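Report on the structure given below.
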Ligand code: ADP
């Protein structure tokens with residue numbers, strides 16, 4: 171299928187000439203498609219051998235007492251690294267599915283409160299002994315039309331990031347609200363913050379604000395790319411506000427036509 175891009179070109183220096191240029195971007199589109207297929211195929215092919223390796227490493231770790239002491243540390247490191255690689259592959263597969271757009275999209279009415287309560291609970295577990303204070307504020311109870319799996323991964327990436335990039339004891343506030351313009355999910359932390367020069371590029375795959383600060387957060391570098399694509403699939407957009415050393419706020423905006431008032435009798439589990 172041919173893909174044509176229309177561009178409006180304005181001559182800034184000369185007269186008021188305007189030109190509409192039609193460009194054939196079919197080849198570019200095909201290359202992008204090939205890149206996506208390649209990443210998706212490689213990720214799937216790597217998953218099986220990695221599952222086998224991780225399985226054996228887990229068994230070795232469970233029986234660490236039988237291992238010579240110098241091997242215990244090595245097995246532990248291998249096990250940690252193979253978990254990281256599994257997380258990376260899971261995110262790569264997820265991102266390539268989400269990038270395809272409509273094909274992976276499942277249109278449902280979602281209870282945002284329920285989704286957020288579960289993620290906040292998991293985030294508290296992730297925080298563990300760091301004892302972050304994670305607050306959930308819900309001011310709108312309408313349902314959000316969209317793909318539950320995609321929304322879950324976008325929201326959990328933002329909330330888990332807030333935990334990862336906020337020092338122990340910090341506060342994270344998750345707010346779901348709505349006005350006539352639509353619904354907003356805000357995830358606000360008082361953590362390390364982000365230098366403004368990085369903000370425009372944060373949703374690129376593997377872009378990190380400051381790699382030296384992130385060696386031990388265990389992230390895949392794909393979280394915000396996933397968030398961006400989930401929002402694109404839901405006609406939404408992401409706003410990022412941050413101050414170095416003071417904290418960050420990530421806001422997902424959803425248009426009003428995605429918010430649905432449910433009749434009380436329809437409020438049964440699983441809809
Ligand atoms: P990662 O796996 O590295 O966390 P993400 O795509 O989720 O990848 O985030 C990209 C980068 O954005 C992170 O490496 C970090 O530099 C920055 N970042 C994301 N969330 C926050 C936050 N709440 N506070 C500070 N920096 C953040």
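Numbering (the UniProt record's numbering), first residue to last: 171 to 441. Where is the CB? At the ideal position from N, CA and C, for every residue including glycine. Owing to the predicted nature of the structure, the values given are computational and were not obtained by experimental measurement.
Three-state secondary structure (DSSP) at residue 224?
-> Residue 224 falls in the helix class under three-state DSSP.
Can you grab the Cα-Cα spacing for the pair residue 406 / residue 220, in whole Å?
-> Cα-Cα distance, rounded: 35 Å.
When the Cα of residue 374 is compared with those of 212, 380, 396, which residue comes out closest?
-> When C-alpha distances from residue 374 are compared across 212, 380, 396, the shortest belongs to 396.
Same chain, Cβ closer than 6 Å to residue 278, neighbours up to 5 away in sequence not counted = Same-chain partners within the cutoff: 318.
Any Cβ of chain B within less than 8 Å of the Cβ of residue 288?
-> No chain B is present in this structure, which holds just one protein chain.
Among the residues of its own chain, which have a CB less than 8 Å from the CB of residue 416, if the five just before and after it don't count?
-> Hits under 8 Å: 360, 363.
Going straight from the alpha carbon of residue 308 to that of residue 300, what length do you get?
-> The alpha-carbon of residue 308 is positioned some 25 Å away from that of residue 300.
On the three-pair Cβ rule with 8 Å, is the stretch 212 to 227 touching the stretch 189 to 198?
-> Counting Cβ pairs under 8 Å, fewer than three are found: no touch.
Taking all protein chains shown into account, do 16 or more other C-beta atoms lie within 10 angstroms of the C-beta of residue 211, making it buried, or fewer, making it exposed?
-> Taking all protein chains shown into account, residue 211 has fewer than 16 neighbouring C-beta atoms within 10 Å of its C-beta and is therefore exposed.
Could you tell me whether the stretch 342 to 356 touches the stretch 309 to 316, where touching means 3 or more Cβ pairs closer than 8 Å?
-> A contact exists between the stretch 342 to 356 and the stretch 309 to 316.
Distance, residue 414 Cα to residue 441 Cα = Note that residue 441 scores 45 on pLDDT, short of 50, meaning its location in the model is unreliable; the coordinates nonetheless yield the value given after this. Approximately 43 Å, taken between the alpha carbons.
For residue 418, name the three-state secondary structure that DSSP assigns.
-> Residue 418: strand per DSSP, three-state reduction.
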